[in-house]
Each structure stands twice: as C-alpha cells, then as structure tokens.
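Counting from 1282, one number per residue, gives the positions in the sequence shown under this note's numbering. Think of the CB as a built atom: it goes at the ideal place given N, C-alpha and C, for glycine as much as any other residue.
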Amino acid sequence: MDDAAQLFEAATESIDTVYRWLPWCRPGYTLDEARAWVAEQTAAFEEGKEYEFVIVSPSGRFAGGCGIDLIDRTNRRANLGYWVRSSETGRGAATAAARLAAGWAFENTDLIRIEILAAVGNVQSQRVAEKAGAIREGTLRQRLLLHGVAHDAAIFSIVRTLPV
1282 MDDAAQLFEA
1292 ATESIDTVYR
1302 WLPWCRPGYT
1312 LDEARAWVAE
1322 QTAAFEEGKE
1332 YEFVIVSPSG
1342 RFAGGCGIDL
1352 IDRTNRRANL
1362 GYWVRSSETG
1372 RGAATAAARL
1382 AAGWAFENTD
1392 LIRIEILAAV
1402 GNVQSQRVAE
1412 KAGAIREGTL
1422 RQRLLLHGVA
1432 HDAAIFSIVR
1442 TLPV
C-alpha cells in the first residue's frame, strides 16, 4: 500500500502522455483508485492471477509500472504491459523492466509465451518491446479499444527458450 501515493503522483504527472494509450491514467484519477488498484494487485499476485511490479529509478523514485497479466493458463501465455511516468521516459526504464518481468515470469511460472500489444500509433511502446527482445509478429486489426475507438495493434512476443 506504500506505493499507492507514489502511483497516484506519477499517474497525475503523466496524464498528458499516458492517457492516450492507457485510459486508466485519466483526468480525475484519484488516490482512492490507486489504493484500490494496489490492493487488488497485491491479492492477484498472491493468488498467481497477475504479477505487477513497480519500476524504480536509480534515485529510488517511483518511475512507473510493469506487469504480467491476462494470463491464459490453458495456453501458458500472458500479456506484458508497462508504462513510465513522463519525467522518466527515454532513459531505458521500460525496456529494462520489460526484460526483467519477462525473465521473472519464465523463472517463476510455467508460461511459455509473453505477448506485448501496442497500438500502431504508439511508436514508443513498440520500440520498448523491440529493445526488450520481443519479436514483432504482425498487426492485429482493430484489436485495442481506446476511448471508444478501435485501433490496430502491433503484436510482439517473447518465448521461453528452455523447457519447463
């Protein structure tokens, strides 16, 4: 719960850049919503339903978040998502976090495939995926619904290289 206030501060700072791609980070986002999300994620982590991590800058500042979610146990795949507060972008934090989260997932779960979806217009997120070692597999038409508008999405994957 200690992260909730820092999450709220980072989200509030980043609305202008993040909201376009991540509708949760919106004008009117509240500290209570941040607290509720942290509580939900703590429980989800303990239950193995989702694995969310804080990105911390070298100075110890809350820089953003990265996580493994939308877990499909039948096919042993999941989604990897990330975001970085506006004042911390362009420093490699999202790339490092994505690599670490994927590695953590392969070491601590039986997942064999991690997917990253990024709206075609979200070039920064696509660069992060590529720099993190994900392979672009194609474009999924009208895959992401953002603010009521369907967007094409680039799909990337990182796959387990060693057997489970």
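With distance defined between alpha-carbon atoms, name the residue in I1416, A1431 and G1414 nearest to R1422.
A1431
L1361 - partner residues in DSSP beta bridges
I1349
Does DSSP classify E1290 as helix, strand or coil?
helix
Applying the 10 Å Cβ sphere with the 16-neighbour rule, what's the burial state of E1321?
exposed
Would DSSP call D1283 helix, strand or coil?
coil
8 Å Cβ cutoff met for V1413 and A1379
For clarity, residue 1413 is Ala in the given sequence; the question names Val instead. Going by C-beta atoms, A1413 is nearer than 8 Å to A1379.
Are the CB atoms of I1349 and A1400 within a distance shorter than 8 Å?
no
Going straight from the alpha carbon of V1404 to that of M1282, what length do you get?
32 Å
Spatially closest choice to E1333 from A1415, Y1363 and T1293, by CA coordinates
Y1363
Specify, as a first and last residue, the run of the beta strand (DSSP E) that G1419 falls within.
I1416 to L1427
Can you check which of these residues, N1389, S1406 and I1336, is closest to Q1287 by C-alpha distance?
I1336
Do you know whose CA, among R1441, A1315 and I1436, lies nearest G1402's CA?
I1436
Rounded to whole angstroms, what is the Cα-Cα separation between R1307 and A1434?
21 Å
Burial state of W1318, where buried means 16 or more other Cβ atoms lie within 10 Å
buried
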